[in-house]
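This report concerns only the one structure given below.
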Amino acid sequence: MAVRTRVHLVLVHGLFSSAKVWAAFHALLVTDPELADWVSVHRFGYDSPLVRLRPDRRVAETDDVADQLGTFLETELAEAERIVLVTHSQGGLIVQRFLARKLWNGEGKELARIKHFTMFACPNTGSGFFLTVRKWLKLWNNPQEQQLRPFDRAVTEAQRTVLSAVVHGRTYTDQECPIPVRAYGGSADEIVPPVVARGVFPKGGVVTADHFSIVQPADRTAAPYMAVRAALLEAAHDPVEAAGPVVPRSPAEAAGRPSLPPPAAGELDLAPFPPPPYGPLEEGKLKGQERLSLVGSLLKEEARQQVHVLSGLGGSGKSRLALEVADRAQRAGHRVWWVSMPELSLRMRMIARDLGAPSITVERAWLLGTAMDLVWTLLNACPDPWLLIFDNADDPERLGPRDGQVADGGGWLRRPQNVNGTVLVTSRVRRQQTWGEHSVIHQVVPLGEDDGASMLLERTGGLGGTNEQARQLSRQLGGLPLALRHAADVIRAVSESQISLDSDVRDFETFGRTVAARVETAPGQGGPDLSELLGREIVEKVCGIAMDLLSRQERAQAATLLKVFACLSIAPIPYRCLLIDPVLSQSPLFPGITPARTYAALAGLEEFGLVDFYEREGVAERDLAHVLTLHPVVHGVLREDREVRDRPADYYGLAVRTVLQAAHLRNPDHPANWPLWAALAPHALEVSRACLLGDLKLSDRTVRTEALELARLTARYLIATGMLGPAYDLVLPMVERCSSFGFDVDDREILGLRHEQGRIHLDREQLREAEQVLALVVRARTRILGRDHADTLASRHKLARAINEQEGREAEAEEMLRSIVEAENEVRGREHYDTLVVRHTLARTMLALGRHAEAEAEAWQILDISRRNHWPPSTPEILRVRETLTHALLRQGRAPEAEQVIREALRDAAQPPDSNLVMRFRYTFVLVLLGVVGRTPEAVNELKALVRDLTRVVGPEHPLLVQARALLEKLLREMPG
């Protein structure tokens, strides 16, 4: 094959190594008759000795080496149009940092000439090997070796960027550059095991080699050499891409914080952990010497290994103070996780993945209810300084264990055992007994009058009056930062408004008179001694002034819109997804609403400081990235608004419909829709519970019915993403208390929730309980909807699965499944996705019954239909069909065909290498090798690697590990010698 385009191959060595490690590769490449004429080989070297004889020369940090690589490519290969990067060990981290830093700096277009990137034995989750040898090698001050600590923050940041903007990149822009990436591990590598080498990268594989021989191929038939050769050929024929349009840099970069890229669709666990909502930091310096001193003390080493509770009145600035701590900690190089209470389970799951927990471990922990222990095991093992913040924990028991108190220290909130860790909580609850003796309570008192006056003067730009008038208003508002902020925003908005307002509010003095007419501070209750009740009243009246002024403008609908937002959760609101026609225009709350008026209402809310707008980092969908938030006190005040309480069907009904409309045609079972559902779920949970389990006493049955549908869809999302605990907590109370809101357990709306309840039991492997629940649902749905209604068929399928997975009941399940398939062919169609899912269950049943040829035929038909309909080969259900096909072929003695099928499935799997699905495929691959004469030693090596990886990432009782270990012991006993 003639190739005329020159390709430049750059080889990057690993830690404590040199360019000499590539000698074998180099010799084979330059003498390869098919490559020598058009491939130029370059061995990039950098300084990384094992032992320093001259301590005056420090070992360059990984970022420095990444910059050296960039300089090498810019100077030595300035004219190269096609570059292939191949790395060994830490060399892969260097290239990842090089790519990520280029993208963070908006230089993605310069990467277009890199056509391929292959890693061998790269510690893509940090090498646990060095955690052992550091005790006797004394290398812990080597900055490159520190990069290899498990869960290292810099490695994780770079991997996220490379995964999102390179591996899953689509276009060539300043911040995106698609490059094929392959990650290979050695089956006998004890330093960087295959599961670590594969990391989060979906493409690559495992070859027979150890950590060093993987880059020392004996000849050109060796798997590593063939992989590099294939990359060179691919690069030679890849078209030269032109860079796309420039993408503006993110706000986070401008503020000096790293910009986080969006995850690929469906990779919820791999999504970057969102940064804290830093928006308020841009509004001025933190006020109050006591607060500044508290921030400083919380960042000291003495504050570590403790739980600190910032307690104070609503609106006293607890979250603002916590943000100051978070920002300073992050700038000091600490890892920071900000957890908003409405998103508790999702955020803690993301922390587990952020700390490097394998997908299979996370899945199992959330399944078995051991998630709290898993997260804290990881936190206590984290080698970096870290800060975990729980914001607005006004219901402390949510942070406790399911069967205990938060003070027990066994739930989400625990005292760190790690000397690097600090936990910070913001809450109105200040009782020591609630938080436990291990917690330190810090009371956040309102601002003194001088600090409050300073805040008023700065925020109004000097438009409000004199210093003394500002002090008087600060004293009158009890020094509450929230009330001061709203007052300043109202005064500034009125002063700057071009519209004539029928209002006496013009400055500090007139605002104070207006407040005095509505609320009066009782003697002895001002400043630090302000009570919670009076503080809330002050905030309520100040907000009332702002809303009254808005009503007098041409933005009267702004106040109504704010009340609708208050019916949702305090979590960030993706308002662009919610405020869409025809939902708003159909509501009696918004007669004559238009997009222009909606925009004007939002602008008014922002101008008067009633909501905060900001853009979330790392969110791919622009409408999801733009969110707004309400302060929890404002949220609570507006929920008690008389109009909201008098018209709950209008306000809460509209809140339900906006979320339903946003989720319309966005199936919660499909991974591509999970980012949207992650944003909607807190609001769906809040509003559905308020409508059905709260004290609203909704008379409108339509609203209750819509709330039930929203709850059902949300439960489906939670089940699909493995959050079975929150799903069960949502579904069970609604089923048990359905009569309290006017429904019977056999009404079709409640049957939908009972169906999800059965699914939860099924996913928890509680087969008897699942069968019991689903059998009753099938009976009721058959009676009400008919035997072949789509909903009935769905429940019949889940029931058949529950029966099929119970040993000895496969024949019973087969009869049910054949009946369901026949009905699905008529109801949904022969090529509908749901029909094929049922057919796959039938194929698995045939396999269990020993009818292997029939199972094979069924699987081939499903795959043919999937290809005809252009379903991605990485679709999880299609991957599982290929696994079933592999077993069917193997049991017919056709191991070579089975090997081809399972290899292709492993190649196409987009799940992380440490996911349950990929681990199971690896076990199936071992079974296939055992079916081929003479390949038992290879199978044993693969099985050893699998057992080693499973032992590292799951508990000893995990079913797959138990099965793999038993097979390995059997094989070792039977092998000669």
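Position one of the sequence shown corresponds to residue 184 (this note's numbering), numbered consecutively onward.
Beta carbons are placed, not taken as given, at the ideal position from N, Cα and C, and that holds for glycine.
Because the structure is a prediction, the values reported are computed rather than measured.
For residue j and residue i, the rounded distance between their alpha carbons
i	j	result
GLU790	PRO755	18 angstroms
PHE926	THR1018	31 angstroms
GLN1146	HIS1023	24 angstroms
HIS191	THR258	13 angstroms
GLU1237	LEU1100	Limits of the chain in this structure are 184 at one end and 1160 at the other, which puts residue 1237 out of reach.
GLU130	ALA808	Beyond the ends of the chain as shown, which are 184 and 1160, falls residue 130; an answer cannot be given.
HIS1015	LYS298	38 angstroms
GLU1161	PHE456	Nothing can be reported for residue 1161: it is not among the residues displayed for the chain, which extend from 184 to 1160.
VAL248	LEU282	12 angstroms
VAL794	GLY274	47 angstroms
ALA636	VAL195	60 angstroms
CYS360	TRP287	12 angstroms
VAL350	ILE362	6 angstroms
ARG296	LEU256	10 angstroms
SER871	ARG840	11 angstroms
ASN601	ALA786	46 angstroms
PRO333	CYS565	For PRO333, the predicted structure reports a pLDDT of 34, less than 50, and the residue's modelled location is therefore unreliable. A value from the coordinates is still provided. If I take the Cα positions, the gap works out to 8 angstroms.
ASP567	ASP930	54 angstroms
VAL627	HIS394	54 angstroms
ALA741	ASP672	15 angstroms
ALA548	LEU1073	32 angstroms
ALA167	LEU1030	Examination of residue 167 is not possible in this model, given that the chain is present from 184 through 1160 alone.
GLN358	LEU252	19 angstroms
GLN399	ALA406	11 angstroms
TRP569	THR617	24 angstroms
GLN708	VAL722	Here the model assigns GLN708 a pLDDT of 46, short of 50, so the residue's position is not dependable, and the following value carries that caveat. Whole-angstrom Cα-Cα distance: 15 angstroms.
HIS818	ALA784	17 angstroms
VAL478	VAL1084	58 angstroms
Pair within 8 angstroms by beta-carbon distance, residue i and residue j
i	j	result
LEU538	LEU562	yes
ILE266	VAL379	no
GLY388	TYR367	yes
GLY498	LEU732	no
MET524	VAL558	no
HIS517	VAL623	no
THR1107	THR1069	yes
PRO376	ARG1131	yes
GLY619	ALA576	no
ALA898	LEU957	no
ALA994	LEU1032	yes
VAL1010	VAL1021	no
ALA855	LEU893	no
GLY594	GLY587	yes
GLU1151	LYS1127	In the sequence as displayed, the identity of residue 1151 is Leu instead of Glu. Going by C-beta atoms, LEU1151 is nearer than 8 angstroms to LYS1127.
Reference residue i, options the options, closest by Cα
i	options	result
ARG1103	GLY1117, GLY1114, HIS1141 and THR965	HIS1141
CYS921	LEU901, LEU493, GLU679 and LEU891	LEU891
ILE534	VAL519, ILE543 and CYS360	VAL519
THR1134	ARG1148, THR605, VAL1123 and ALA1122	ARG1148
ARG397	ALA973, SER370 and LEU415	Contrary to the premise, residue 397 reads as Ile rather than Arg in this sequence. If we check each option's Cα against that of ILE397, SER370 comes out closest.
THR254	GLU293, SER223 and VAL269	GLU293
ARG280	ALA341, LEU968, GLY500 and GLY352	ALA341
ARG381	GLY941, LEU968 and LEU1129	LEU1129
PHE208	TYR229, ASP220, SER200 and VAL411	VAL411
GLY631	ALA1122, GLU580, GLN513 and LYS470	LYS470
Environment of residue i [buried if 16+ CB atoms lie within 10 Å]
i	result
LYS746	buried
PRO765	exposed
HIS225	buried
ASN1161	Absent from the structure is residue 1161, since the part of the chain shown begins at 184 and ends at 1160.
ALA214	Looking at the sequence provided, one finds Thr at residue 214 rather than Ala. It is exposed - the Cβ of THR214 has fewer than 16 other Cβ atoms within 10 Å.
GLU1007	buried
ASP833	buried
MET730	buried
ALA206	exposed
LEU1155	exposed
GLY291	buried
**Prompt:** Curious, which full-length alpha helix (DSSP H) runs of at least 4 residues does the region 600 to 657 contain?
**Reply:** 615 to 618 and 632 to 643
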